[in-house]
Every structure is written in structure tokens, then in C-alpha cells.
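To keep things clear, I will list the structure first and then write my remarks on it.
Residue numbers (this note's numbering): 4 to 340.
Spelled out as C-alpha cells, the structure:
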């Protein structure tokens, strides 16, 4: 009986301490490899997701501004003509100064004035640049420093009716509208102009100011829009648009192609006031888009170029991307009439 038990015990087998330690080391290497692969996969997913977000946000921002800027200078039947108050232009309603966005120049409010200067349809500047007078309607503390601001005035087509009293009310009660013929214009706020113009059409009037707003540290492409209460309507359009640059393309020899592109600081007062033979025929738009979330695994040491402007590295953990487009104007307007 004793001999049998000894033989039975000798037949049992198991892992030695050395074998167990080797197996544990192999398991650790396998676990480390799996964890590394998972980490790399997660990082790739984050990187791809953020770059897709940058591309999409940038595409939307450019599309919004491109649609607006391409129609700059469209004024229905009076496209190419000046609005001269008391001669060919009448204001049924006005906008209090406190409720308006009035830019630099003598005649640069939302509506034409009787100042001795051409009505500015376009104006821009770089916020924070020395010697620049910004819009009073934009808080300097809110608008991102060293970013461009642009204003655009135009009609929105197609026409929304006739201003000769031949049909039902045609204006938009929440917007300013304009009744025009080829020689007369009446700006009004409400459903109908005070005076019927024979053979006139009515258009919605639009005044937009685009800028980069900062909300809780997040940059946002924003704009002010003219409504029946003035320029008090703020719209937040696309998050993550951190910087914007406009370069204005001028045709100097009459061939309808831009000969030079310059920033707003190099556009002179006579040009803004339509007092030269230069025509603005194109606008280049550059935007710097920032990801919504920081990525601790990414260190941003990149220098960015927005047209003529260089932006030094941010030294942070946000991914960024530069996108650009060139907008050819359908209604070149900066030319003396």
C-alpha cells in the first residue's frame, strides 16, 4: 500500500517556478503589445475625427461667406448706380445710431446718408491693428484680436414683389426692403413702401458684418445682420474658426482679372468710397480652423500662413488647419460712376 502511493505521487506533474515566470513574462509582452495597438488605434481615430471636423467646419464657413461675398454689389434694378439721398433715394424709415453698425467713412451706415461721399457697399479692417477705427457695434473685448472684419451690403434676389401697389403687401415685416426702378429707390421697414413706384420691384435688403467672436474661450465665426430693429441680431455660425484673413483683388487695367491682392489696411479711403478707377473683382478668403477639443498627445508647433499674414506656433494641444478660397465677384462695384 505504501509503495503504490509513492508511485502514484511520482506520476503527478505541473509547472515549475521557472516555467511559470517565463509564461508571465510572455503574457506581459503580449498585453503590452495589445495595449500599444489599442492606444495607437485610439489616437488614429481621434486624429482622423478631428481633421474631418476641421475640414467640415472650414468648408461650411467658406460656403457661407462665399455665397454672400459673390453677390456683393447686387442692387437689383439699380446695380451699378449710386444711392443719393434726396435725388434718387428715399428712406421711409431710419435706424437709430445706437442700434446700427456704422463703419469708417462718411457714408457707411446700414442705410445711405446725405453725407458728401459714395455709399460704401463694402468695408473691412483687421481688429486690433493700430490706426484702425473698428465698428462701435462690436465689443473690442469680444472680437478676437488680429482677425479681419468685413461688412457686405446687397439685395437678395429674386425680387419679392412689386412696389407699385399692384399686388398684396410684399415686404418682410422683420427686415428692411427696397422698392426700385432703374432710377429710384425707396428703403422701407414693413410690408409696403410709403410711395408707389411705377414698374418697380421690391427686394430684401441685406447688411452683414462678419467677425470672429470668442465665447468661453471658443472661437466662433459670427455675424451681425440687419433686421427691422437695426443691427442688433447676432448670429453664431461655425465654431472653431479661429482666424480669418481677406485679401482684396483689384483690376487696374480693365481686363476683369485681379492684378493685385491687398489686405484691408492697404485699401485706401478713395477706393472704399468708389472714387477711383480701380475695380474690386475678387476676394481671397483664408481661415484658420481649430479643433473643438485639445489632444494631450499632440503638440502644436506649426507656423500657419494666411495669405500675407504669418501666425506663429501656438504651443498648445489643439489641431488646426488652413483653408482658403477665391471668390470672383459677379457685380464688380468699386468703380466711379
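Each residue gets a CB set at the ideal place from its N, CA and C atoms; glycine is no exception. Here the structure is a predicted model, which is why all the values come from computation and not from measurement.
Take the alpha-carbon of residue 265 and the one of residue 329: they are about 13 Å apart. Listed in chain order, the non-local C-beta contacts of residue 245 below 6 Å within the same chain comprise 222, 291 and 293, local neighbours out to five positions each way being set aside. Within the model, the alpha-carbon separation for residue 243 versus residue 320 is close to 14 Å. Assigned with DSSP and collapsed to three states, residue 308 falls in strand. In the three-state scheme derived from DSSP, where H, G and I count as helix and E and B as strand, residue 249 is classed as strand. Looking at the backbone, the Cα of residue 213 and that of residue 34 are separated by about 53 Å. As DSSP reads the structure, residue 211 sits in a beta bridge with 155 and 228. By the neighbour-count definition (other C-beta atoms within 10 Å, threshold 16), residue 115 is a buried residue. Residue 109 and residue 56 have their C-alpha atoms roughly 42 Å apart. The distance from the Cβ of residue 182 to that of residue 166 is about 3 Å, consistent with a contact at the 8 Å cut-off. A direct Cα-to-Cα measurement between residue 259 and residue 279 gives close to 15 Å. By the CB criterion at 7 Å, residue 96 and residue 197 fall outside the cutoff. For residue 271, there is no enclosing alpha helix (DSSP H), as DSSP marks it with neither H nor E. For residue 118, the three-state secondary structure derived from DSSP is coil. Relative to the Cα of residue 84, the nearest Cα in the group 209, 63, 124 and 311 belongs to 124. Closest by C-alpha distance to residue 81, out of 134, 72 and 205, is 205. Annotation: residue 117 to residue 72 spans about 26 Å, alpha carbon to alpha carbon. In chain order, 288, 328 and 330 place their CB closer than 8 Å to the CB of residue 69, counting only its own chain and leaving out the 5 sequence neighbours on each side.
DSSP places residue 255 outside both helix and strand once states are collapsed to three, so it counts as coil. Between the alpha carbons of residue 63 and residue 31 lies a distance of about 48 Å. Less than 7 Å separates the beta-carbon of residue 164 from that of residue 173. DSSP places residue 178 outside any beta strand (DSSP E), giving it a letter other than H or E. Judged by DSSP in its simplified three-state form, residue 100 adopts helix. Here the C-alpha atom of residue 208 lies approximately 14 Å from the C-alpha atom of residue 122.
Taking 7 Å as the cut-off, the beta carbon of residue 65 is found no closer than this to the beta carbon of residue 332. Per DSSP, reduced to three states, the secondary structure at residue 71 is helical.
Here the alpha carbon of residue 176 sits roughly 42 Å from the alpha carbon of residue 323.
Only buried fits residue 60, as 16 or more other CB atoms lie within 10 angstroms of its CB.
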